[in-house]
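Peer 1: With the numbering used here applied, the sequence shown covers 844 to 944.
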Amino acid sequence: MSDELTAALFSPHVNKTFRITAEEEAFDAELIEVKGIRSDTERSDKSPFALLFRGPKGLICEQQIMTISNDGAGEYALFMVPVGPDPDHESRGILYEAVFT
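1. Based on the DSSP output, what are the partners of serine 912 in its beta bridges?
2. How long is the line joining the alpha carbons of isoleucine 908 and glycine 915, rounded to whole angstroms?
3. Tell me where the alpha helix (DSSP H) around leucine 902 begins and ends.
4. Would the beta-carbon of lysine 900 fall within 8 Å of that of arginine 862?
5. Distance, Cα to Cα, phenylalanine 922 vs valine 942?
6. Based on the DSSP secondary-structure assignment, which residues constitute the bridge partners of isoleucine 937?
7. Sort Ile903, Thr864, Arg897 by Cα distance to glutamate 918 and report the nearest one.
8. For the alpha helix (DSSP H) containing phenylalanine 852, list its first residue and its last residue.
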């Protein structure tokens, strides 16, 4: 499964809603950014990247494996970390990040 997870897979889904399911919570979150990550090691098979989601305000799930799903992108179990309130739009929600190296 990890071989199919690339920035190109998720890039068309920026600004779209994903359903995120954690242990005891399920919520909708917007994929707000797909960003490349600079790496000290060159890999020919794929480039490191991160996904940044904005979830609802007031709901903070601890870092854990969460299932994300979207009709166009599919369904995946990812290790996600809460980053904190969106610094650009604090009133709009909590940011979550998944990193792929």
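All residues carry an ideal CB built from backbone N, CA and C; glycine is no exception. These figures come from a predicted structure and were not determined experimentally.
Peer 2: The structure says:
1. One-based indexing of the sequence shown puts residue 912 at position 69. As computed with DSSP, serine 912 is found in a beta bridge with Arg862, Glu918.
2. The residue you call residue 908 lines up with position 65 of the sequence shown. The residue you call residue 915 lines up with position 72 of the sequence shown. The C-alpha of isoleucine 908 lies about 21 Å from the C-alpha of glycine 915.
3. Mapped onto the sequence shown, residue 902 falls at position 59. DSSP places leucine 902 outside any alpha helix (DSSP H), giving it a letter other than H or E.
4. Within the sequence shown, numbered from 1, the residue matching residue 900 stands at position 57. Within the sequence shown, numbered from 1, the residue matching residue 862 stands at position 19. Result no, Cβ atoms of lysine 900 and arginine 862 do not sit closer than 8 Å.
5. By one-based count along the sequence shown, residue 922 stands at place 79. By one-based count along the sequence shown, residue 942 stands at place 99. Phenylalanine 922 and valine 942: Cα-Cα distance of roughly 8 Å.
6. Residue 937 sits at position 94 when you count from the first residue of the sequence shown. According to DSSP, isoleucine 937 bridges with Gly898, Pro928.
7. Counting from one through the sequence shown, the residue named residue 918 turns up at place 75. Its Cα nearest to that of glutamate 918, the residue Thr864 stands out among Ile903, Thr864, Arg897.
8. Mapped onto the sequence shown, residue 852 falls at position 9. Checking the sequence, you will find leucine at residue 852 rather than phenylalanine. For leucine 852, the enclosing alpha helix (DSSP H) starts and ends at 850–853.
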